[in-house]
Every structure is written in structure tokens, then in C-alpha cells.
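**Student:** Let me begin by handing over the structure; questions about it come next.
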Amino acid sequence: MTRQTGALGILALLMSLLGACGSTPTDAMAAETSPLADTGSAAVLALACSGCHSPAGGAIASLEGRTSTELRTALLRYRTDPDGGSVMHRMMRGYSEADIDAISVYLAEDIAE
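Take 5 as the starting number for the sequence shown in the numbering used here and just add one per residue.
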């Protein structure tokens, strides 16, 4: 083992020990209230969508400007199509109707007038 590798290992160990000493109940509570801490939250459920449907566009349509009703209708169509074999069909079959509702609302840009 080289001197540099040994020094990096010691530094990593010290950083992890210092991190453990600095943790407080407040830090733990903050982690629990993060939207990503709840794996059933709409934010986490919708993460899969952003991989292909980014606002930057590209070959796959952006979801920007869609209403929750439009999104819900499309996602439920993918979920219930017995002949569908695309990635979207397979992904939507893994979500419950409540999950699809949450994803639709989270991703939507409903404009209240």
C-alpha cells in the first residue's frame, strides 16, 4: 500500500467518525421529512419519468405543460392495454391506480384560473 492510499483511508475513516459524532436527532428528523425518504411519495414515484421525459426534450416527448387529467388518462391507458409491450406499458403495470394518480398530480402543470 502506498503512502497516499493509506492517508486517504485514514482520512475516510476520520470523516466517517466525525460524521457519526455530529449526528443529532434533528438530523435524523430532517432526513425522515425529506420527500425522498418516503419511497411511496409522488416525488420518488415520478423519478422514473424524468429519465426519459425531461424538459430538454429529445426523441421522447416532454411532459411539460400537461394537466394531471391528461397524464392520468395516458398512464392508465398504458397500464390497462393488454397488448402493450413497450417500456411504458411494463412500467405502468407496476403502479397502482393510486400511484398513477399521485404521479399525475406531481408531474402536472395544472393552471387554476
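We put the CB at the ideal spot given by N, CA and C, even for glycine. The structure presented is a predicted model; accordingly, all values stated were derived computationally and were not measured.
1) Can you say whether residue 66 is buried or exposed, counting buried as having 16 or more other CB atoms within 10 angstroms of its CB?
2) So is residue 60 buried or exposed if we call it buried at 16+ other beta carbons inside 10 Å?
3) Should residue 81 be labelled buried (16 or more other beta-carbon atoms within 10 Å of its own) or exposed?
4) Apply the 10 Å Cβ neighbour rule to residue 104 and answer buried if 16 or more other Cβ atoms are within range, or exposed otherwise.
5) Between which two residues does the alpha helix (DSSP H) harbouring residue 99 extend?
**Tutor:** A quick look at the data gives this:
1) The residue in question, residue 66, is exposed, as its Cβ has fewer than 16 Cβ neighbours within 10 Å.
2) It is exposed - the Cβ of residue 60 has fewer than 16 other Cβ atoms within 10 Å.
3) exposed
4) buried
5) Premise fails: residue 99 is in no alpha helix (DSSP H) and is neither H nor E.
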